[in-house]
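Student: Chains as they are written, first to last, in the numbering used here: chain A, 27 to 92; chain B, 11 to 395. Cβ atoms here follow ideal geometry from the backbone N, Cα and C, with glycine treated the same way.
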Amino acid sequence: MEIIVDQDKCTAGGLCVMAAPEVFDQRDEDGIVVLLDANPPAGHHEAVREAVMICPAAAIRLKEDR
Amino acid sequence: MNGVLVIGASVGGLTVVEALRRKGYGGHIRLVGDEPHLPYDRPPLSKEILTGRWPIERALLRDREQLDDLDVELDLGRRAEQLDLEARTVCLDDGRHLRYDSLVIATGLAPRPLPFQPAVAGIHTLRTVDDALALRRELPTARRVVGIGAGVLGCEIAAAARSLGRQVTLIDPLSVPMARQIGGELGARIAAMHQRRGVHLRMGAGVCGFNSVNGRIGAVELADGEVVPTDLAVIAVGSVPATDWLTSSGLTLSDGIACDAYCRAAPDVYAVGDVARWRHPVTGVSTRLENRTNATEQAITVAANILRADRPYTPTPYFWTDQYDTKIQVHGVIAPDSRIRLIEGDAAAGRFVALAESGDTVTAAIGWNHPRGVRTARRRLVMDP
Numbered sequence: 027m028e029i030i031v032d033q034d035k036c037t038a039g040g041l042c043v044m045a046a047p048e049v050f051d052q053r054d055e056d057g058i059v060v061l062l063d064a065n066p067p068a069g070h071h072e073a074v075r076e077a078v079m080i081c082p083a084a085a086i087r088l089k090e091d092r
Numbered sequence: 011m012n013g014v015l016v017i018g019a020s021v022g023g024l025t026v027v028e029a030l031r032r033k034g035y036g037g038h039i040r041l042v043g044d045e046p047h048l049p050y051d052r053p054p055l056s057k058e059i060l061t062g063r064w065p066i067e068r069a070l071l072r073d074r075e076q077l078d079d080l081d082v083e084l085d086l087g088r089r090a091e092q093l094d095l096e097a098r099t100v101c102l103d104d105g106r107h108l109r110y111d112s113l114v115i116a117t118g119l120a121p122r123p124l125p126f127q128p129a130v131a132g133i134h135t136l137r138t139v140d141d142a143l144a145l146r147r148e149l150p151t152a153r154r155v156v157g158i159g160a161g162v163l164g165c166e167i168a169a170a171a172r173s174l175g176r177q178v179t180l181i182d183p184l185s186v187p188m189a190r191q192i193g194g195e196l197g198a199r200i201a202a203m204h205q206r207r208g209v210h211l212r213m214g215a216g217v218c219g220f221n222s223v224n225g226r227i228g229a230v231e232l233a234d235g236e237v238v239p240t241d242l243a244v245i246a247v248g249s250v251p252a253t254d255w256l257t258s259s260g261l262t263l264s265d266g267i268a269c270d271a272y273c274r275a276a277p278d279v280y281a282v283g284d285v286a287r288w289r290h291p292v293t294g295v296s297t298r299l300e301n302r303t304n305a306t307e308q309a310i311t312v313a314a315n316i317l318r319a320d321r322p323y324t325p326t327p328y329f330w331t332d333q334y335d336t337k338i339q340v341h342g343v344i345a346p347d348s349r350i351r352l353i354e355g356d357a358a359a360g361r362f363v364a365l366a367e368s369g370d371t372v373t374a375a376i377g378w379n380h381p382r383g384v385r386t387a388r389r390r391l392v393m394d395p
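1. Would M27 (chain A) pass as an interface residue toward chain B - the criterion being a Cβ-Cβ separation below 7 Å?
2. Is DSSP giving A375 (chain B) helix, strand or coil here?
3. Just how far apart, CA to CA, sit Y328 (chain B) and H341 (chain B)?
4. So what does N221 (chain B) bridge to, in DSSP terms?
5. Go through its chain and collect everything with a Cβ distance to V21 (chain B)'s Cβ below 8 Å, but skip five positions before and after it.
6. If I measure Cβ to Cβ from C36 (chain A) and keep anything under 7 Å in the same chain, skipping five residues before and after, which residues do I get?
7. For S249 (chain B), which three-state DSSP category applies?
8. In angstroms, rounded to a whole number, what distance separates the CA positions of D54 (chain A) and E28 (chain A)?
9. Buried or exposed: which applies to V4 (chain B), given that a residue is buried once 16 or more other Cβ atoms fall within 10 Å of its Cβ?
10. Looking only at its own chain, which residues have a Cβ that is under 6 Å from the Cβ of D34 (chain A), when we skip the five neighbours before and after it?
11. What are the residues of the stretch 63-85 of chain A that lie near chain B, defined by any Cβ-Cβ distance shorter than 7 Å?
12. Buried or exposed, going by whether 16 or more other CB atoms sit within 10 Å of the CB of H107 (chain B)?
13. Within 7 Å (strictly less), CB to CB, does D254 (chain B) reach chain A?
14. So, does the CB of P381 (chain B) fall closer than 7 Å to a CB anywhere in chain D?
15. Would you mind giving the Cβ-Cβ distance between M203 (chain B) and T336 (chain B), rounded to the nearest angstrom? I have them listed as a contact below 8 Å.
16. State the DSSP-derived secondary structure class of P395 (chain B), mapped to helix, strand or coil.
17. Do the stretch 262-278 of chain B and the stretch 315-327 of chain B make contact, defined as three or more Cβ pairs closer than 8 Å?
18. Would you mind listing the alpha helix (DSSP H) stretches within the stretch 97-156 of chain B that are 4+ residues and don't spill past its ends, in chain order?
19. Tell me, please, whether the CB atom of A46 (chain A) is closer than 7 Å to any CB atom in chain B?
20. Excluding the five sequence neighbours on either side, which residues of its own chain have a C-beta within less than 6 Å of the C-beta of A275 (chain B), listed in chain order?
21. Evaluate the contact criterion for the stretch 83-103 of chain B versus the stretch 65-85 of chain A: three or more CB pairs, one atom per stretch, below 8 Å.
22. For F50 (chain A), is the classification buried or exposed, using 16 other Cβ atoms within 10 angstroms of its Cβ as the cut-off for buried?
23. Provide the residue(s) that pair with D85 (chain B) in DSSP beta bridges, ordered along the chain.
24. Pick out whichever of B:V292, B:A366 and B:A358 has its Cα sitting closest to the Cα of R351 (chain B).
25. According to the Cβ coordinates, are I39 (chain B) and T135 (chain B) closer than 7 Å?
26. Verify the contact flag: T293 (chain B), CB atom, against every heavy atom of the ligand GTP, threshold strictly below 6 Å.
27. Using a C-beta to C-beta distance shorter than 9 Å, which residues of chain B count as neighbours of V43 (chain A)?
28. With 7 Å as the threshold, decide whether the Cβ of T25 (chain B) is near any Cβ in chain A.
29. Out of curiosity, what's the CA-to-CA distance linking F220 (chain B) and G194 (chain B)?
30. Which residues in the same chain have their Cβ closer than 7 Å to the Cβ of R88 (chain B), if we skip the five residues on either side of it in sequence?
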């Protein structure tokens, strides 16, 4: 799994951090998403997929092997 | 197998499709939307799209490739006209009768018009991307703009128009902007912010008519007799659930589609997003939420329930608004009688976190240019599981 975030689209809701705190964080000053791990281990994949769906700015994209 | 039929191709409808596929649903899914565009996001319409900072493609929720991967049959530019619960069919405006095993209704809202609104040029509402583009086309040449309704949408439009250098007057019958969403105390801060930016506020004022000249708006008349000349008027006085097509369906309609705690309106019929009303199992209150995160969270719950998860829907409401360089985020609900208590930051500097409290209960966490702080403060809400 590869994660791509769009910081210009991000609206700083922090919902991704609530869903997958090991993978996403927020900048202190403006709350914009910070990607902690662009290729997280399998144990985090379900939480990351949840974060993609609940992101209110559609700012997270996944590339998954099929 | 007729599969899942989703009526409404905005974020709620699309997320149901995505969540079903993620959970391994392999049946047929059809997504019907009345607009011709690929599914797009609405929050940017009153911000980046209106100011022209983004091209409209940037508001698309998913690109073609991502939609193809969902293996969903897209029927765009088609309106649902009738639902027959007995026959399990939805009739479209092209005469087709679509059968379903499960139906999801995500038809959203329609802007509420003013009863005395004349059909002349220069009067706008904002709900769709076409609405936003029509308004964006006129903004550069309009010297004066009047915003009617100072809710979240009206305030964002006023901020966008002001950012583009227009002369802006914002009118609302309540005493402060965003009073319904944020209460009197914080609403006063919103008022001050707009006034600092040069917006003329007419709070506590009712609009009672429009003057037009040669088929175009020329002024807005207020109930106290004042006449506000303008080149453009944007009406943002709320919306109504888009349920006209369901009038004879047998579903219970009462300011939205009445659902149970599982977002079910009838056996195998679900409602999602702005159009859905359900009894919140934690608060016990009959609730309909008009915000972006509700659409996705409810969609995820409905997808699970289509697959027989029997999961009640218990969200903590969340909305945000961006006006000028200020970001306001609210988790929970601010009651009209809430006390607002600052817990972090500096109100005078315009960066703080506050709690809304009713009695001993924290009902909302509010962030004012403080996204990290408000996310952490959300844990203080009783309704957050």
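Tutor: Looking at the coordinates:
1. No, its Cβ sits nowhere closer than 7 Å to a Cβ of chain B.
2. It is a strand residue.
3. Computed Cα separation, rounded: 4 Å.
4. The partner list for N221 (chain B) (beta bridge, DSSP) reads B:A229.
5. Cβ neighbours of V21 (chain B) beyond the five flanking positions: P49, D51, R52, L71, G283, R302, A305, T306 and A309.
6. Only I58, V59, A83 and A85 meet the Cβ criterion.
7. In this structure, S249 (chain B) counts as strand in the three-state DSSP scheme.
8. Distance from the CA atom of D54 (chain A) to the CA atom of E28 (chain A), rounded to whole angstroms, is 25 Å.
9. Any answer about residue 4 (chain B) is impossible in this case: the structure gives chain B only from 11 up to 395.
10. Same-chain partners within the cutoff: there are none.
11. For the stretch 63-85 of chain A, the residues whose beta carbon sits under 7 Å from a beta carbon of chain B are, in order, R75, M79, I80, P82 and A84.
12. Exposed is the call here.
13. Judged by the 7 Å Cβ criterion, D254 (chain B) is not in contact with chain A.
14. Here the protein chains are A and B, and chain D is not one of them.
15. M203 (chain B) to T336 (chain B), Cβ: 6 Å. Contact.
16. Residue placement at P395 (chain B) is flagged as unreliable, the pLDDT there being 48, under the threshold of 50; the coordinate-derived value follows with that caveat. Reduced to three states, the DSSP call for P395 (chain B) is coil.
17. Contact annotation: the stretch 262-278 of chain B touches the stretch 315-327 of chain B, with at least three C-beta pairs closer than 8 Å.
18. If one requires a minimum length of 4 residues, the alpha helix (DSSP H) runs lying completely within the stretch 97-156 of chain B are 139-148, in chain order.
19. Taking 7 Å as the threshold, the shortest C-beta distance from A46 (chain A) to chain B does not fall below it.
20. Answer for A275 (chain B): L261, I267, C269 and A281, listed in chain order.
21. At 8 Å Cβ cutoff, the stretches do not touch.
22. Counting Cβ neighbours within 10 Å, F50 (chain A) comes out buried, since at least 16 surround it.
23. B:V42.
24. Checked all of B:V292, B:A366 and B:A358; the closest Cα to R351 (chain B) is B:A366.
25. No, the Cβ-Cβ distance between I39 (chain B) and T135 (chain B) is not below 7 Å.
26. Although the ligand GTP was asked about, the structure shown includes no ligands whatsoever.
27. Simply R382 and R385.
28. With 7 Å as the cut-off, T25 (chain B) counts as an interface residue toward chain A.
29. The straight-line gap from Cα to Cα measures roughly 29 Å.
30. So the qualifying residues of the chain are V42, D44, L102, D103 and D104.
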